[in-house]
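S.K.: Just dropping this structure here.
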Amino acid sequence: MSGKVYLVLGGDHDTFGTVAVFSTSQKQGAFFETYRQADPNAMCEEFDLDPEYPELTPITTMGMNADGSVEWLKLGWQLEGFGDMCPLGFDGFGGWGGPVPKQMFYRVATSDREQAIAEANDARSRILAADAWGDHTKTRQVLGE
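In the numbering used here, the protein residues as written are 11 to 155.
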């Protein structure tokens with residue numbers, strides 16, 4: 011085997027999926043030539059067989075109140091190469107309870123709860139000192155993001 015698998019995909023919006031899997035691109039191509047006559051949405055994909063697992067980074071996300079108390083905290087994982095989708099650090103304000111937001115959302119690359127809270131608390135202190143709580147643009151400037 012070549013270390014790859016060759017798929018033919020097809021179907022409509024609701025039914026789109028894998029139609030067939032092949033061990034060579036030649037077998038895939040022969041099938042595709044016939045199949046695409048019946049399905050104009052058909053397409054080919056190629057994937058590595060048994061690829062190396064991507065690096066997983068522990069991510070702690072929390073909602074921290076202006077007084078430094080943690081409203082909620084969860085541990086998750088981020089795949090290597092997907093950091094732009096969920097950047098670390100300040101992630102906005104929310105939990106509105108009037109004209110001023112209740113919580114700052116913050117993400118830290120660690121599974122250590124205390125370390126994550128300390129880093130978010132440092133950011134919270136700088137935001138409050140700059141009178142930026144609730145102002146996304148000013149907060150990003152204060153934090154250099």
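Each residue gets a CB set at the ideal place from its N, CA and C atoms; glycine is no exception.
Our contact map puts V15 next to V29 with C-beta atoms below 8 Å; I'd like the distance itself, whole angstroms only.
M.R.: As a first step, residue 15 must be located in the sequence shown, where it is residue number 5. As a first step, residue 29 must be located in the sequence shown, where it is residue number 19. Cβ atoms of V15 and V29 stay farther apart than 8 Å, at about 13 Å.
S.K.: With the cut-off set at 9 Å, would you say W87 and L66 are in Cβ contact?
M.R.: By 1-based counting over the sequence shown, the position of residue 87 is 77. By 1-based counting over the sequence shown, the position of residue 66 is 56. Going by C-beta atoms, W87 is nearer than 9 Å to L66.
S.K.: Quick one: any contact between the segment 112-129 and the segment 72-80, if contact means 3 or more CB pairs under 8 Å?
M.R.: yes
S.K.: Use the C-beta contact count for G151: other C-beta atoms within 10 angstroms, 16 or more gives buried, fewer gives exposed.
M.R.: Locating residue 151 in the sequence shown gives position 141, counting from the first residue. In the sequence on display, residue 151 carries Gln and not Gly. It counts as exposed.
S.K.: Taking the alpha helix (DSSP H) that A130 falls in, what are its first and last residues?
M.R.: Counting from 1 along the sequence shown, the entry for residue 130 is found at position 120. It spans 123-139 - the alpha helix (DSSP H) in which A130 sits, taken as one unbroken run.
S.K.: So the alpha helix (DSSP H) T25 belongs to, where does it begin and stop?
M.R.: For the purposes of this step, residue 25 is taken as the residue at position 15 of the sequence shown. In the DSSP annotation of this structure, T25 is not part of any alpha helix (DSSP H), being labelled neither H nor E.
S.K.: Buried or exposed: Q36, going by 16 or more other Cβ atoms within 10 Å of its Cβ?
M.R.: Here the question's residue 36 lines up with position 26 in the sequence shown. Answer is exposed; the Cβ neighbour count stays below 16.
S.K.: DSSP three-state call for T67: helix, strand or coil?
M.R.: Looking up residue 67 in the sequence shown gives position 57. DSSP places T67 in strand when its eight states are reduced to three.
S.K.: Reducing DSSP to helix, strand and coil, say where G20 ends up.
M.R.: Taking the first residue of the sequence shown as position 1, residue 20 is located at position 10. In the structure shown, G20 sits in a strand (DSSP, three-state: E or B).
S.K.: On the three-state DSSP scale, how would you describe G78?
M.R.: Numbered from its first residue, the sequence shown carries residue 78 at position 68. In the structure shown, the three-state DSSP call for G78 is coil.
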